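J.:
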Amino acid sequence: GAAVQHRTFSWPGRPGLTLHYTSTQPAPAATTAGNVEPTPIVDTTPIVFLPGFGVGTFHFDAQLEALGTERPVYALDWLGQGESWPDDEQAEKGLRFDSDLWTNQLEIFLESELRGRPAILAGNSLGGYIAVQLAHRRPKLVRGLVLMNATPFWSFAAPSREKDAWRLFGWDATLPAPRWPFAIGSRWFNTLRSPTTIATMLGAVYADKRTVARTINRPDDHPHAGEATDLPVTHMPYNQQTRRSPTCRTINRPDDHPHAGEATDLPEAIAAAASKRGGPAAFTSILFSPKAEVSFEDALLTISSREAPPPIALLYGQEDPWVVPLWAERAHRRLSKGVELEFKKGVAGAEPNAPSFESGGSEALKVLPDVVHYALTPAGHCPHHEAPELVNCLLSLWARAVDSSANERAASSANERAADAMPEQLTKRESFGREVRAYRRHGDPLGPLGALAAAFDR
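As structure tokens, then:
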């Protein structure tokens, strides 16, 4: 796999904030003359992985190592989590650890470290929520969106713009924290950051509890270690058969992989990240922080209603007890509803360039938005960590399709869309010999509860 590099960047105008991220790049390729030249990456879109609450870049090591052989890949630590922290009390003064802060951090990262180059944002849980907020705010920085069990809400306090709103203890979550909020937050934080508590919480949201405390790299004695199994042609769309992804070909790492056999304890890694100076203060601010100005679902609706929305992939673990499948279906419907609104605008003549029947609206309705939705089973709240081989394969295929469709989306041909380049189902063998399956969802309600929710959405 690609070598993972650790880097930091600064927050303009805010000294004393150390912002950490990891990255991988395709290895240089040797020419026929024996010289080493950088692998061309101008035609590949970078992927930026965004973690959920409390974890860090280490949660995406499997993605960086595998996908980093194909394109630039990054993972970000949110400020107040992982390895991104204020240096001292002076640096944290005036900070409010809310979704707006993290959206601003992501925006700064994309502009400074990627120099404004549009990227695919791939977020799990809170990371998916922030990815949607950024895509709503700065669409030109986003080439594609991947939501992996994205949390549909964050915080329940009134948005910060509502200056007269009632707030618990009269505090808006800006540090330093008053005495009583800090007493509550720090006590709760010190309870939650115990490795035992973390392991219990993770075990409740993973479909297979064994994957919580095991490395994302397989041990040498795995029964299928070292096998190089090609993806069955029956699962491949016709336009992918001649350019299959290396990530999909080798589903099990070889015995001599540099990390083979390591046993990295995820709860210990999370507890270590939470032990940084400023942890109790950051957690207290998060606990009392206001919600975003725009809700998750309204942001999705706006994104999908734009003239050129980005391709979007929904990869949701079916056995997640927190973000249950109903939320994935609801997100899918919001994305489709955005198209319906655009279509109605065209019929009403509110916008001359909006789609309509007379101007080819039926074709526009087929092309926008470019959404692919997979249900992964058995998998829980963190499918990228629980089923990395399967998720990496899907991401590799989808990102390649996004690259190839970059200049073709205006052609109004369904065969040129990223979503149409994806298989209907795919099965991979993961750690402990488990088989995990991904199958396409097309927006139809799942079960009586899903049908009821869909009826209310109308």
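Using the working numbering, count along the sequence shown one by one with no gaps and you end on 1176.
Backbone N, C-alpha and C define an ideal beta-carbon position, used for all residues, glycine too.
Computed from a predicted model, the values in this text were never measured in an experiment.
Where do the N-terminal and C-terminal ends of the alpha helix (DSSP H) with Ala990 fall, by residue?
T.: Leu984 to Ala992
J.: Note down the Cα distance separating Trp1045 from Ala1010, rounded to an integer number of angstroms.
T.: 19 Å
J.: Measuring CB to CB, does Val766 end up less than 8 Å from Leu863?
T.: no
J.: Within 8 Å, do at least three Cβ pairs link the region 775-782 to the region 828-838?
T.: Taking 8 Å as the limit for Cβ pairs, the verdict is that the region 775-782 does not touch the region 828-838.
J.: Compute the Euclidean distance between the alpha carbons of Gly786 and Thr742, then round it to the nearest angstrom.
T.: Distance between the alpha carbons of Gly786 and Thr742: 5 Å.
J.: Alpha carbon to alpha carbon, how far is Ile848 from Tyr1092? Give it in angstroms, no decimals.
T.: 20 Å
J.: DSSP beta-bridge partners for Ser741?
T.: Gln723 and Tyr792
J.: Give me the residue from Gly1161, Arg725, Ala721 and Arg789 with the minimum Cα distance to Arg1051.
T.: The alpha carbon of Arg1051 has as its nearest neighbour, out of Gly1161, Arg725, Ala721 and Arg789, the alpha carbon of Gly1161.
J.: Assign Leu1108 to one of three DSSP states: helix, strand, or coil.
T.: The three-state reading of DSSP puts Leu1108 in helix, counting H, G and I together.
J.: Decide if Asp795 is buried, meaning its Cβ has at least 16 other Cβ atoms within 10 Å, or exposed.
T.: buried
J.: Using the beta-carbon count (16 or more within 10 Å), is Gly800 buried or exposed?
T.: buried
J.: In terms of residues, what are the limits of the beta strand (DSSP E) holding Gly841?
T.: Ala837 to Asn842
J.: So Val1109 packs on Ala1031, CB below 8 Å; how close in whole Å?
T.: Their Cβ separation, rounded to whole angstroms, is 10 Å, which puts Val1109 and Ala1031 out of contact at 8 Å.
J.: So Leu1164 and Met1140 are supposed to be a Cβ contact under 8 Å. How far apart are they, rounded?
T.: In fact, because the Cβ distance is near 19 Å, the residues do not count as touching under 8 Å.
J.: Identify every run of the beta strand (DSSP E) within the region 882-940, keeping only runs that are complete inside it and at least 3 residues long; order them along the chain.
T.: none
J.: Counting beta carbon pairs with one atom in the region 921-931 and one in the region 1099-1108, are three or more of them shorter than 8 Å?
T.: yes
J.: Residues in its own chain within less than 6 Å of Ala1119 by CB, not counting five upstream and five downstream?
T.: Ala1136 and Ala1139.
J.: Out of Glu1107, Arg861 and Val850, point me to the one whose CA is closest to Asp761's CA.
T.: Arg861
J.: So, under 8 Å CB-CB, Ile916 and Ile988 are touching, yes? Tell me the CB distance rounded to an integer number of Å.
T.: Rounded to whole angstroms, the Cβ separation of Ile916 and Ile988 is 5 Å, and the two are in contact under 8 Å.
J.: Closest by CA to Phe1150, which one among Gly1035, Glu1107 and Arg928?
T.: Closest option to Phe1150, Cα to Cα, is Arg928.
J.: To which residues does DSSP link Arg814 through a beta bridge?
T.: Thr892.
J.: With DSSP run on the structure shown, which of helix, strand or coil describes Trp729?
T.: coil
J.: Rank Gly772, Asn822, Ser728 and Arg995 by C-alpha distance to the C-alpha of Ile1004 and give the top, closest one.
T.: Gly772
J.: To the nearest angstrom, how far is the alpha carbon of Arg1159 from that of Ser728?
T.: 41 Å
J.: In this structure, how does DSSP classify His854 when only helix, strand and coil are distinguished?
T.: helix
J.: Which of helix, strand or coil does DSSP assign to Glu1015?
T.: helix
J.: Mind checking who Thr1095 pairs with in its DSSP beta bridge?
T.: Arg1155
J.: For Pro730, does the count of other Cβ atoms within 10 angstroms reach 16, so buried, or fall short, so exposed?
T.: With fewer than 16 other Cβ atoms within 10 Å, it is exposed.
J.: Is the number of C-beta pairs between the region 888-905 and the region 813-832 that are closer than 8 Å three or more?
T.: yes
J.: Just mark Ala1026 as buried or exposed, buried being the case when its beta carbon has 16 or more other beta carbons within 10 Å.
T.: exposed
J.: How would you write the range of the beta strand (DSSP E) that Thr1145 sits in, first residue to last?
T.: In the DSSP annotation of this structure, the continuous segment of the beta strand (DSSP E) that includes Thr1145 starts and ends at Gln1143 to Arg1147.
J.: Shortest alpha-carbon distance to Pro744 belongs to which of Leu737, Pro733 and Val722?
T.: Val722
J.: From which residue to which residue does the alpha helix (DSSP H) around Leu865 run?
T.: Per DSSP, Leu865 belongs to no alpha helix (DSSP H); it is in the beta strand (DSSP E), Val860 to Met866.
J.: Given this structure, state the Cα-to-Cα distance separating Glu1142 from Phe887, to the nearest angstrom.
T.: 52 Å
J.: Do Pro899 and Thr1002 have their beta-carbon atoms positioned less than 8 Å apart in this structure?
T.: yes
J.: Using only the alpha-carbon positions, how far apart do Asp973 and Arg1147 sit?
T.: Caution is warranted here: a pLDDT of 38 is assigned to Asp973, below 50, making its placement in the model unreliable, and no coordinate value can be reported.
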